[in-house]
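Here the structure comes first, spelled out in C-alpha cells, and everything after it is commentary.
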Amino acid sequence: MADRISVLYTEEEITARIRELGEQISKDYEGRSVHIIAILKGATFFACELAKRITVPVTLDFMSVSSYGDSTVSSGIVKINKDLDEPIDGKDVIVVEDIVDTGNTLSYLLDNLEKRGASSVKLCALLNKPERRLKDVNVDYTGFIIPDAFVVGYGLDYAQKYRNLPYIGIVET
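Those letters in the sequence shown? Residues 1 to 173, per the numbering used here, in order.
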C-alpha cells in the first residue's frame with residue numbers, strides 16, 4: 001500500500017523562499033565569506049540550492065550526526081557519524097539543516113562547533129517545527145515554520161524514501 005502524501009509547499013514556493021534566504025545571508029555577510037556545514041543526509045538538497053543563491057564567497061563541508069541510532073526515539077546521546085573535513089577556526093559558519101524539531105541534536109552540535117573556534121556559528125533550517133522543541137535552539141534563518149506533522153520531500157525521508165520529491169509533503173496516516 002502506497003503512502004498518501006499531501007503537498008505542504010510546492011517546488012516553486014520552496015525555490016522562492018530559498019532565493020530570499022540567499023539574499024538575506026548575502027546581505028548579512030557582505031564583504032565576508034561563509035562556510036556552510038550541511039547536515040547529512042536531509043539537508044543536502046537545501047544546502048546546494050541555498051549555496052547557489054548566496055553571492056558572497058562560500059565554502060562547503062558536511063557532517064552527519066545522530067541521536068537516534070536505529071530507533072525512532074532519541075537516545076539523548078549525540079554521535080558524530082561523519083565529522084568535518086577541515087578545521088573551522090576563524091570561519092563564519094552557517095549550519096544548514098533540513099528540519100529543526102526537538103533541538104536536542106542541534107543544541108549539542110552548535111555548542112560543539114562554537115568550541116572549535118569558529119568566528120560565528122549561525123543556523124539555517126528549511127523547516128522549523130517549534131511546537132516540538134525540547135532544547136532552546138535559535139534558528140537564525142528559517143525557510144518555513146511548520147505544524148507538528150510528519151513531512152517528507154526535498155531531502156526529508158520516511159524510511160529512506162521520498163527524499164527526491166521536489167516538494168515538501170505531509171505523510172497522511
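Glycine is no exception: its CB is placed at the ideal position from the N, C-alpha and C atoms.
Work out the CA separation of V78 and L8 for me, nearest whole Å. 30 Å
Output the boundary residues of the alpha helix (DSSP H) element that contains V46. A quick correction: the sequence has Phe, not Val, at residue 46. Residues T44 to K52.
Environment of F45 [buried if 16+ CB atoms lie within 10 Å]: buried
When you compare the segment 132–150 with the segment 103–119, are there three or more beta-carbon pairs, one atom per stretch, that lie closer than 8 Å? yes
List, from N- to C-terminal side, the alpha helix (DSSP H) runs of 4 residues or more that fit wholly inside the segment 69–114. 104–114
Candidates D83, K82, A43 and D92, of which the one nearest L127 by Cα: A43
Does DSSP put K27 in a helix, in a strand, or in coil? helix
For the beta strand (DSSP E) that contains F150, what are its first and last residues? No beta strand (DSSP E) holds F150; DSSP gives it neither H nor E.
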